[in-house]
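Protein chains in written order, with the numbering used here: chain A, 9 to 163; chain B, 9 to 163.
Quick reminder that beta carbons are idealized off the backbone N, C-alpha and C, glycines included.
Protein chains: 2
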Amino acid sequence: MTDADRFLCEAIELAHANVEAGGRPFGAVVVGNGQVIATGVNETHKSDDVTDHAELLAIRAAVRAHGSEALRGSAVYASGHPCPMCLTAMRLAGVSEVVFAYSNEDGAPYSLSTAHIYDELRRPFSEHAMKIACVPARIGGREDLYAAWSRRQAK
Amino acid sequence: MTDADRFLCEAIELAHANVEAGGRPFGAVVVGNGQVIATGVNETHKSDDVTDHAELLAIRAAVRAHGSEALRGSAVYASGHPCPMCLTAMRLAGVSEVVFAYSNEDGAPYSLSTAHIYDELRRPFSEHAMKIACVPARIGGREDLYAAWSRRQAK
Chain A
9 MTDADRFLCE AIELAHANVE AGGRPFGAVV VGNGQVIATG VNETHKSDDV
59 TDHAELLAIR AAVRAHGSEA LRGSAVYASG HPCPMCLTAM RLAGVSEVVF
109 AYSNEDGAPY SLSTAHIYDE LRRPFSEHAM KIACVPARIG GREDLYAAWS
159 RRQAK
Chain B
9 MTDADRFLCE AIELAHANVE AGGRPFGAVV VGNGQVIATG VNETHKSDDV
59 TDHAELLAIR AAVRAHGSEA LRGSAVYASG HPCPMCLTAM RLAGVSEVVF
109 AYSNEDGAPY SLSTAHIYDE LRRPFSEHAM KIACVPARIG GREDLYAAWS
159 RRQAK
């Protein structure tokens with residue numbers, strides 16, 4: 009059994025345990041320097057918060073336990089195809105490798121695929137399900153927001 | 009002043025206050041039925057967690073204060089162009105409208121743009137900065153994960 013298979017099976021076991029506890033079939037482990045440094049399962053059944061995905065919670069747990077630097081160059085093993093929210097969270101965190109066991113194709117018959125959101129993200133905002141617009145509001149008499157941040161950074 | 013301008017200015021004021029508190033220049037308000045039901049600012053300076061974006065925290069705060077149903081059909085007004093993580097979180101939460109004041113183009117001179125991540129998401133995984141792969145690991149002798157979830161759902 010390769011390391012990838014071992015960590016994926018750990019993620020799948022977490023997902024099974026989550027199903028048995030009434031949750032959705034998703035688990036994830038974060039691996040740094042060959043060791044599991046954090047895990048997560050989908051907690052939407054407990055929190056009612058649709059952003060409580062296994063991978064996002066695993067990333068948040070890893071940061072809280074080991075600091076953000078521990079994520080740099082880490083790998084995330086997920087039972088299922090990460091959604092774009094989680095994939096971007098990993099990207100922002102400096103994760104270098106993402107491996108998953110169940111594809112969106114595997115999930116589609118169970119409505120467990122986020123392929124439609126990936127498809128949307130390939131298209132201009134005008135073709136998304138949400139109405140998305142830039143309205144360049146500015147507060148009169150205020151220093152520009154980004155310039156104010158930049159000035160403070162330079163101090 | 010339109011409602012959009014008013015809510016955007018509220019998000020920008022939150023971002024200014026966050027800058028003054030040592031944080032990054034991002035704020036967001038969630039609006040349901042014409043009222044602000046939750047707000048958020050970027051808290052990465054406090055938590056060291058790169059996923060603590062204003063919009064994601066505003067969504068999480070809205071769910072915790074009002075339940076997930078309050079997000080359905082809501083609008084999010086953000087000071088800056090939402091990143092793909094936050095945009096997907098809004099999509100998953102059932103937000104129907106997203107308005108932002110500062111574009112990625114406004115942010116680019118300050119390295120406050122996530123256009124490069126949007127660009128990546130338009131391309132196949134093989135062209136992303138992270139190595140991303142499906143390895144179809146399965147646990148021998150175990151019921152299929154998604155079938156197990158489906159069976160439990162049917163109960």
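| query | result |
| --- | --- |
| Which parts of the stretch 30-103 of chain A are runs of the beta strand (DSSP E), unbroken and 3 residues or longer, counting only runs that do not cross its ends? | 35-40, 43-49, 83-88 |
| Rounded to whole angstroms, what's the CA-CA distance from residue 49(B) to residue 66(B)? Just pull it up for me. | 8 angstroms |
| On the three-pair Cβ rule with 8 angstroms, is the stretch 51-58 of chain B touching the stretch 74-84 of chain B? | no |
| Answer with yes or no whether the minimum CB distance from residue 135(A) to chain B is below 8 angstroms. | no |
| Can you give me the C-alpha to C-alpha distance between residue 109(A) and residue 137(B), rounded to a whole angstrom? | 20 angstroms |
| Can residue 47(A) and residue 125(B) be called in contact, C-beta distance under 8 angstroms? | no |
| Does DSSP classify residue 27(A) as helix, strand or coil? | helix |
| Just checking, does the stretch 133-151 of chain B make contact with the stretch 15-32 of chain A on the three C-beta pairs under 8 angstroms criterion? | yes |
| Cβ of residue 57(A) less than 8 angstroms from any chain B Cβ? | yes |
| If we ignore side chains and look at the alpha-carbon of each, how far apart do residue 45(B) and residue 92(B) end up? | 23 angstroms |
| Could you check what DSSP says for residue 109(B) in three-state terms: helix, strand or coil? | strand |
| Along the chain, where does the beta strand (DSSP E) that runs through residue 141(A) open and close? | 139-142 |
| Where do the N-terminal and C-terminal ends of the alpha helix (DSSP H) with residue 124(A) fall, by residue? | 123-129 |
| Could you check if residue 33(A) is buried or exposed, using at least 16 other CB atoms within 10 Å of its CB as the buried criterion? | buried |
| Taking the beta carbon of residue 63(B) as the centre, do at least 16 other beta carbons fall within 10 Å, making it buried, or is it exposed? | buried |
| My output table needs one value for residue 8(A): the three-state DSSP class, helix, strand or coil. | As shown, chain A starts at 9 and ends at 163. That puts residue 8(A) outside it, with no answer to give. |
| Against chain B, with Cβ distances strictly below 8 angstroms, would residue 104(A) count as a contact? | yes |
| Relative to the C-alpha of residue 55(B), which candidate in 41(A), 102(A), 68(A) has its C-alpha closest? | 68(A) |
| For residue 21(A) and chain B, any beta-carbon pair shorter than 8 angstroms? | yes |
| With C-beta atoms as the reference, is residue 38(A) less than 8 angstroms away from residue 70(A)? | yes |
| Could you check how far apart the C-beta atoms of residue 112(B) and residue 121(B) are, in whole angstroms? I think they sit under 8 angstroms. | 4 angstroms |
| List the residues of chain A whose Cβ lies closer than 7 angstroms to the Cβ of residue 115(B), in chain order. | 154 |
| Please check if any C-beta of chain B sits within less than 8 angstroms of the C-beta of residue 109(A). | yes |
| Measure the C-alpha to C-alpha separation of residue 158(B) and residue 163(A) and round it to an integer number of angstroms. | 56 angstroms |
| Can you list, in chain order, the residues of its chain with a C-beta nearer than 7 angstroms to that of residue 133(A)? Leave out the 5 residues immediately preceding and following it. | 140 |
| At a CB-CB cut-off below 9 angstroms, which residues of chain B make contact with residue 141(A)? | 12, 105, 106, 107, 108 |
| Report the neighbours of residue 87(B) on chain A: residues whose CB is nearer than 8 angstroms to its CB, in chain order. | 153 |
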